[in-house]
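Asker: Pasting a structure here, questions to come.
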Amino acid sequence: MTYYLDARPMIRALYEEPEQFEIRRNCLRHRPSKHWLVFDDEGNARILARCDCMVLPVSRDQGEELHEAAIAWEASYWQPLLARAAAERRVTEINREFAGHFRPRRRWRAVIDAVRSLLGLAPQRSAISVDPSLPELAGQRPWRPAEGAEARYADLLSA
């Protein structure tokens, strides 16, 4: 008679507590228990652990259920998690770059600009023109203060 490991707790955990799992080294890992789930070339599931859990094989039927649960977990939890993390990293990167555009210039750069200005070598800075044919800018008007705002801004600046 062959005895098998009852894999239902792991299958249930994949659906009910997906945050406890991660993919590492192309294997599915349950972080709290440190149990690894791997599939061989024939699709048989194996549990790798530092305890006796790995002694018993997983039955073919439960191995198929584990495989289906792992695929569903990856599609519904892991891939969206990775996409969200990548988007958050990109937003952080863009915000860091944006903030860099407004950092005070270094003193040596200010000195060089002052000397160039005194010598009449200051570069002419012109307004950047935006091509209105760009799809993201089509139909948008340049920002202008609301009517009467100039007087309010003058009051703020004089204070």
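Here the numbering used here is used: the first residue of the sequence shown is 694, the next is one more, and so on. Ideal placement from N, C-alpha and C gives every residue a C-beta, glycine not left out.
1. Pick out whichever of E767, A706 and M703 has its Cα sitting closest to the Cα of R717.
2. Per DSSP, what kind of secondary structure is N735 in: helix, strand or coil?
3. State the CB to CB distance for the pair H723 and M747, rounded to an integer number of angstroms; the pair is presumed to be in contact (CB under 8 Å).
4. Quick check: what's the CA-CA separation for E758 versus R701?
5. Rounded to a whole number of angstroms, what is the C-alpha to C-alpha distance between R798 and A780?
6. Write down the C-beta distance between P711 and Y770 rounded to the nearest angstrom, noting that I regard them as a contact closer than 8 Å.
7. Looking at L721 and A763, is the spacing between their C-beta atoms short of 7 Å?
8. Taking the runs of the alpha helix (DSSP H) that are 4 residues or longer, which of them lie wholly in the region 767-818?
9. Tell me the rounded alpha-carbon separation between A765 and D806.
10. With C-beta atoms as the reference, is S752 less than 7 Å away from Y697?
Answerer: The relevant details are as follows:
1. The residue you call residue 717 lines up with position 24 of the sequence shown. Minimum Cα distance to R717 is reached at E767.
2. Working through the sequence shown from its first residue, we reach residue 735 at position 42. The residue you asked about is not Asn; residue 735 is Glu in the sequence shown. Note: E735 maps to coil in three-state DSSP.
3. Taking the sequence shown and counting its residues from 1, one reaches residue 723 at position 30. Taking the sequence shown and counting its residues from 1, one reaches residue 747 at position 54. About 13 Å separates the beta carbons of H723 and M747, which is beyond the 8 Å limit, so they are not a contact pair.
4. On the sequence shown, position 65 is the one that residue 758 refers to. On the sequence shown, position 8 is the one that residue 701 refers to. The straight-line gap from Cα to Cα measures roughly 9 Å.
5. Locating residue 798 in the sequence shown gives position 105, counting from the first residue. Locating residue 780 in the sequence shown gives position 87, counting from the first residue. Approximately 30 Å between the Cα atoms of the pair.
6. Within the sequence shown, the letter at position 18 stands for residue 711. Within the sequence shown, the letter at position 77 stands for residue 770. Their Cβ separation, rounded to whole angstroms, is 4 Å, which keeps P711 and Y770 in contact under 8 Å.
7. Position 70 of the sequence shown holds residue 763. Position 28 of the sequence shown holds residue 721. A contact, by the Cβ cut-off of 7 Å.
8. With a minimum length of 4 residues, the continuous alpha helix (DSSP H) runs that stay inside the region 767-818 are 772-793 and 800-811.
9. As a position in the sequence shown, residue 765 is number 72, starting the count at 1. As a position in the sequence shown, residue 806 is number 113, starting the count at 1. Using only the alpha carbons, I get a separation of about 60 Å.
10. Sequence index remark: in the sequence shown, residue 752 carries index 59 (1-based). Sequence index remark: in the sequence shown, residue 697 carries index 4 (1-based). Contact flag set, yes.
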